[in-house]
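Enquirer: In terms of our numbering, the sequence shown opens at residue -9 and continues consecutively. Submitted below is the structure of interest, expressed as structure tokens.
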Amino acid sequence: MPGLVPGVGTADRQEKWGSMALGLQGFETTFANPFTIRGIGVHSGAEVTAVFNPAESGTGIVFQRIGPHGEVTELKAVSATVGNTDFCTVLGSGPTRSIATVEHVMAALYALGIDNAVIEVDGAEMPVMDGSSAVFIEAIEQAGIKTLSKKRRYIRVLKTVRVDAGSSWAEFHPYDGTRFEVDIDFDSPAIGRQSWKGDVTPASFKTELSRARTFGFMRDVERLWAAGLALGSSLENSVVIGDDNRVINMEGLRYADEFVRHKTLDAVGDLALAGAPFLGLYRSYRGGHKVNAMALKALLSEASAYEIVESAGQRPSVAAPELIAVAQAGYRPWTA
Ligand SMILES: [Zn+2]
């Protein structure tokens, strides 16, 4: 919104002011009301019910996996709890003590600034819904967002941290806001090389990323089925690319570059597992859940690469430069 800042000179400066004008939340939040979402899991194909409950400050995002005999496994949605990242992001391990495909709901919670929630799930994975974050965004907005009295803490990136994995890489850089720059490069001409760059705010996430769906190739389906995966996968929850390299879905794409937007959505959800929002730029090339998890671990394991900050004042909304570093002894929200 450069128009709001008269007299600003270069484009670079406008960019800076533009990001500074973004209001960050000064205080933690939760849902104003509980709500329930039902659907099938994309890998199991089984029906699953997720009950989203408000929670107190300091809770973070906690999943409660309810096993077949009613036993409850508590899984904090943080880096330390991440298990398998081959096809989706899984919290925990073991068939009755884990929850798969948490990334799309985590992206919605992160983008709308929900810090605290307890989510009861009676199956092995989150419902896939339409393969995007759209249903979760709508449900959270309908339930309402409640501001709590505890100041919100951010993880501010102080220096570049990079991870490489084969031809993929990811980097964190300092930045006065939360920005993603995601590049993908697929052999398939239906996808090819795509790039998405932007500041992630509740508004930008909703309009530019939240509706981008999971995608896959028809040629992989049989292999996945043999492995007991993608059993719930269908044209209702995935963009499918056929052997002729065309999108099979009758309705076509929701965005011309829906593939890279979904990869960005996934990255937002995976980085939400820091346990607190981050201020910085995240860049990835040919990334995925595994590289996102590696990059987050690399950042958090290097104490000089970040600091913990919070608002100096009492206003509900604050700009990035107004945040001050706080003593972080014992504050490690990414641990279980
Ligand atoms: Zn995804």
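Positions of the beta carbon are idealized from the N, C-alpha and C atoms, including for glycine. No experiment lies behind these values; they were computed from the predicted model shown.
(1) Could you check what DSSP says for residue 127 in three-state terms: helix, strand or coil?
(2) Check this for me: beta carbons of residue 270 and residue 164, under 8 Å apart or not?
(3) Taking 6 Å as the limit between beta carbons, can you name the residues of its chain near residue 308, skipping five residues before and five after?
(4) So which residues put a beta carbon under 6 Å from any heavy atom of ligand 1, going in chain order?
(5) Based on Cα-Cα distance, which residue from 87, 153, 311 lies nearest to residue 56?
(6) Near residue 22, which residues of its chain fall below 8 Å by C-beta distance, leaving aside the five closest residues on each side in sequence?
(7) When you compare only the Cα positions, how much space is there between residue 303 and residue 166?
(8) So what does DSSP say about residue 319, is it helix, strand or coil?
(9) Can you give me the Cβ contacts of residue 138 inside the same chain, cut-off strictly under 8 Å, excluding the 5 residues immediately before and after it?
(10) Of the choices 221, 287, 248, whose alpha-carbon is the least far from that of residue 262?
(11) On the criterion of 16 or more Cβ atoms from any shown chain inside 10 Å, does residue 94 qualify as buried, or is it exposed?
(12) What does a CB cutoff of less than 6 Å around residue 353 pick up in its chain, not counting 5 residues either side in sequence?
(13) In three-state terms, what does DSSP make of residue 43?
(14) Here's a check: name, in chain order, each residue in its chain whose Cβ is nearer than 6 Å to the Cβ of residue 280, leaving out the five neighbours to either side.
(15) Buried or exposed for residue 121, please, with buried defined as at least 16 other CB atoms from any protein chain shown within 10 angstroms of its CB.
(16) With DSSP as the reference, identify every bridge partner of residue 163, one or two as the case may be.
(17) Tell me which residues share the same chain as residue 147 and place their Cβ nearer than 8 Å to its Cβ, disregarding the 5 neighbours each side in the sequence.
(18) State the Cα-Cα distance for the pair residue 250 and residue 260, rounded to the nearest angstrom.
(19) Taking the alpha-carbon positions, what's the residue 317 to residue 306 distance?
(20) What is the rounded straight-line gap between the Cα of residue 64 and the Cα of residue 254?
(21) Going by other Cβ atoms of all chains shown within 10 Å of its Cβ, with 16 needed for buried, is residue 233 buried or exposed?
(22) Tell me, please, which residues DSSP counts as bridged to residue 66.
(23) Rounded to a whole number of angstroms, what is the C-alpha to C-alpha distance between residue 109 and residue 180?
(24) Of the choices 128, 24, 70, 130, whose alpha-carbon is the least far from that of residue 323?
(25) Between residue 169 and residue 182, which are expected to be in contact by the criterion C-beta below 8 Å, what is the C-beta distance as a whole number of angstroms?
(26) Need the endpoints of the alpha helix (DSSP H) that residue 262 sits in, please.
(27) May I have the straight-line CA-CA distance separating residue 238 from residue 67, to the nearest angstrom?
(28) Where does residue 11 sit, in a helix, a strand or coil, going by DSSP?
(29) I need the boundaries of the alpha helix (DSSP H) containing residue 72, first residue and last residue.
Expert: Taking the structure as given:
(1) helix
(2) yes
(3) 14, 16, 301
(4) 93, 94, 204, 252, 256
(5) 87
(6) 44, 133, 134, 135, 136
(7) 18 Å
(8) coil
(9) 17, 18, 19, 20, 46, 47, 105, 106
(10) 287
(11) buried
(12) Since the first residue of the chain shown is -9 and the last is 326, residue 353 is not available in this structure.
(13) strand
(14) 75
(15) buried
(16) 271
(17) 162, 163, 164, 165, 268, 269, 270, 271, 289, 295, 296
(18) 15 Å
(19) 21 Å
(20) 28 Å
(21) exposed
(22) 52
(23) 37 Å
(24) 70
(25) Their Cβ separation, rounded to whole angstroms, is 24 Å, which puts residue 169 and residue 182 out of contact at 8 Å.
(26) Run containing residue 262: none; DSSP gives neither H nor E here.
(27) 34 Å
(28) Its pLDDT being 46, under 50, residue 11 is placed unreliably in this model, and the coordinates cannot settle the point.
(29) It is not in any alpha helix (DSSP H) - residue 72 carries neither H nor E in the DSSP assignment.
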